[in-house]
């Protein structure tokens, strides 16, 4: 499970940094979180295929988090996509997208489902056999959501050579994945650990979109393996952060520490900062495993 | 007078080529024509300052011609712009832009004027002391406009050293620019050509947006110095071009020839073509001064 950063800047593009978008890869599926202007080109640049995207989540309706969406949706149609696409976003986006398609006299050539995000509380949005996505509220100037993406375990991983060596019929493979031993006709017991190994572990990735420093959504992100938390400002500009409903690097680190996370990715940097080293130093003094996210890097979760 | 190509591709971004946008520079002013996704970043990349833009023209409401507009408008506001901005676009764009601002709880901090383009005929949209812009209808799948940008002459150009040499008071400079001679008190006649030289000539740039091959708008672009004409396809795909209301390189060249243009810029290439040399060859066989437009290049008009 990886997250590739497609944009790590706040609203004003600067220093080659793009507005927010990121791609979470889970078992070959790409879950797109936010879709700032230029996302379709950033995906091309970093070799992420649009056709592997089936779910898009938009945290809130400030443009730097969704102005790349109409272009991506359109391009998917121009390429003749047939697979369904599910979009989860604040409700007022739906009539805007419909108007954009109407004035262009465009009908998408694939099934497109708009799922409005609930205005209150947490919600299990997707519960797929491979992963789940839950939304939670963060505290911004307008309604804004964070997302928890959980990769599910697929059970134990078969060792095909070993299975053949012990003459186990393929029909039993699913049972082996669930951890069972296998008893042969001759009474010989094949222990599960001889023919399987640990499969992919359950993983949690928490995306904490534009937000004030707050403990209000801690319950939703507790024990996440990786947290992405916005830090538009350094602590010396904490007053600006508060006034604009944003956070500082120190505050992001405090959240990661309180949530007992393993790793913190820092992002959504103000265009007033060219050098981001101070963000790393500030966060690491509170939460040592803090990383300044860089566009194009795929971070292991 | 120059035009800088910010995007020369058709709808699907490909091979590093972006959707349509171009910046026409006239006496320090930037006139933006179309504003595909990523235009604000392309402007940064090629050193074109947003604050020099006072007029934006959108040819039609297919997304590859305007999806960069909300981001640019927004960014100008974030930077604290105070100068007015005039947008000329098909009328249905106005409520879409208003909705985008409303859902973000954003009020632009500068005066923003939306001018709907007329649904029929040609129209003089801007008549500034330095330049004028006229719209004309082209023939596309939806209502679509071309634009003729004309740089006005500013009269003759003063030679300050010569003016001082002949002791001409500054109060007479405006009259000299209009071509008049100057008679000194001692009766000596200073000939205009001794103290001035030719000023910038009247120039015409015609942007022929997405269109079928047609002679219908020839009267609007006759004798243009430079024509930009779309050529989404090569002539061997003329059937595709016709079916999709686009043109071929040969057809673009025919238009330039019939219009008695001096130069033809080719653009709006389909993403099916990686190599664009065949576009040049095809067009040059009909109209020799045809150029494959390249992003980032400022073409002298």
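Chains as they are written, first to last, in the numbering used here: chain A, 1 to 301; chain B, 1001 to 1301. Beta carbons are placed, not taken as given, at the ideal position from N, Cα and C, and that holds for glycine.
Around the C-beta of residue i, are 16 or more other C-beta atoms found within 10 angstroms, so that it is buried, or is it exposed?
i: residue 1258 of chain B; result: exposed
i: residue 250 of chain A; result: buried
i: residue 97 of chain A; result: buried
i: residue 223 of chain A; result: exposed
i: residue 1068 of chain B; result: buried
i: residue 300 of chain A; result: exposed
i: residue 1169 of chain B; result: exposed
i: residue 213 of chain A; result: buried
i: residue 260 of chain A; result: exposed
i: residue 1290 of chain B; result: buried
i: residue 1199 of chain B; result: exposed
i: residue 230 of chain A; result: buried
i: residue 235 of chain A; result: buried
Residue i: which of the options sits nearest, CA to CA?
i: residue 143 of chain A; options: A/196, A/78 and A/209; result: A/209
i: residue 1134 of chain B; options: B/1074, B/1088, B/1270 and B/1002; result: B/1088
i: residue 1217 of chain B; options: B/1148, B/1104 and B/1164; result: B/1148
i: residue 266 of chain A; options: A/244, A/260 and A/226; result: A/226
i: residue 13 of chain A; options: A/197, A/238, A/248 and A/36; result: A/36
i: residue 1152 of chain B; options: B/1281, B/1283, B/1286 and B/1026; result: B/1026
i: residue 1039 of chain B; options: B/1028, B/1053 and B/1029; result: B/1053
i: residue 1016 of chain B; options: B/1274, B/1288 and B/1280; result: B/1274
i: residue 1049 of chain B; options: B/1164, B/1185 and B/1032; result: B/1032
i: residue 28 of chain A; options: A/18, A/179 and A/1; result: A/1
i: residue 1146 of chain B; options: B/1287, B/1280 and B/1056; result: B/1056
i: residue 1103 of chain B; options: A/102, A/114 and A/141; result: A/141
i: residue 176 of chain A; options: A/186, A/18 and A/154; result: A/154
i: residue 215 of chain A; options: A/166, A/196, A/174 and A/139; result: A/139
i: residue 1179 of chain B; options: B/1185, B/1190 and B/1186; result: B/1190
i: residue 184 of chain A; options: A/165, A/95, A/19 and A/201; result: A/165
i: residue 1263 of chain B; options: B/1228, B/1243 and B/1244; result: B/1228
i: residue 1160 of chain B; options: B/1128, B/1285, B/1196 and B/1186; result: B/1196
i: residue 19 of chain A; options: B/1167, B/1019 and B/1041; result: B/1041
Under the assumption that residue i contacts residue j (Cβ atoms under 8 Å), give the Cβ distance between them as a whole number of angstroms.
i: residue 1010 of chain B; j: residue 1271 of chain B; result: 7 Å
i: residue 1110 of chain B; j: residue 1075 of chain B; result: Going by Cβ atoms, the distance from residue 1110 of chain B to residue 1075 of chain B rounds to 12 Å, so no, they are not a contact pair.
i: residue 1256 of chain B; j: residue 1248 of chain B; result: Actually they are not in contact, since the Cβ atoms of residue 1256 of chain B and residue 1248 of chain B sit about 13 Å apart, beyond 8 Å.
i: residue 21 of chain A; j: residue 30 of chain A; result: Actually they do not touch by this definition, with Cβ atoms about 11 Å apart.
i: residue 84 of chain A; j: residue 117 of chain A; result: 19 Å between Cβ atoms; not a contact.
i: residue 287 of chain A; j: residue 8 of chain A; result: 18 Å between Cβ atoms; not a contact.
i: residue 1220 of chain B; j: residue 1253 of chain B; result: The Cβ separation is near 18 Å, so there is no contact.
Hey, how far is the Cα of residue i from the Cα of residue j?
i: residue 61 of chain A; j: residue 136 of chain A; result: 16 Å
i: residue 277 of chain A; j: residue 1081 of chain B; result: 30 Å
i: residue 295 of chain A; j: residue 6 of chain A; result: 5 Å
i: residue 121 of chain A; j: residue 45 of chain A; result: 36 Å
i: residue 1112 of chain B; j: residue 1203 of chain B; result: 28 Å
i: residue 239 of chain A; j: residue 206 of chain A; result: 26 Å
i: residue 1158 of chain B; j: residue 1079 of chain B; result: 37 Å
i: residue 105 of chain A; j: residue 93 of chain A; result: 19 Å
i: residue 1150 of chain B; j: residue 1123 of chain B; result: 14 Å
i: residue 188 of chain A; j: residue 130 of chain A; result: 34 Å
i: residue 126 of chain A; j: residue 192 of chain A; result: 32 Å
i: residue 1174 of chain B; j: residue 1156 of chain B; result: 9 Å
i: residue 1115 of chain B; j: residue 1186 of chain B; result: 55 Å
i: residue 1211 of chain B; j: residue 132 of chain A; result: 46 Å
i: residue 95 of chain A; j: residue 237 of chain A; result: 37 Å
i: residue 1232 of chain B; j: residue 243 of chain A; result: 48 Å
Would you mind telling me which residues of chain D sit closer than 8 Å to residue i, beta carbon to beta carbon, in chain order?
i: residue 11 of chain A; result: Among the chains of the structure shown, chain D does not appear; the protein chains present are A and B.
Excluding five sequence neighbours on each side, which residues of the same chain lie with their C-beta closer than 8 Å to the C-beta of residue i?
i: residue 70 of chain A; result: 97 and 100
i: residue 1297 of chain B; result: 1004 and 1005
i: residue 1167 of chain B; result: 1184
Counting only the same chain and skipping the five closest in sequence on each side, list residues whose C-beta sits under 6 Å from that of residue i.
i: residue 1172 of chain B; result: 1182
i: residue 108 of chain A; result: 77
i: residue 66 of chain A; result: 35 and 58
i: residue 302 of chain A; result: A query on residue 302 of chain A cannot be resolved here, the shown segment of chain A reaching from 1 to 301 and no further.
i: residue 1280 of chain B; result: 1292
i: residue 1086 of chain B; result: 1055 and 1113
Note down, in chain order, each residue of its chain lying with its Cβ closer than 7 Å to the Cβ of residue i, except the 5 sequence neighbours on either side.
i: residue 1119 of chain B; result: 1143
i: residue 1201 of chain B; result: 1153
i: residue 162 of chain A; result: 194 and 195
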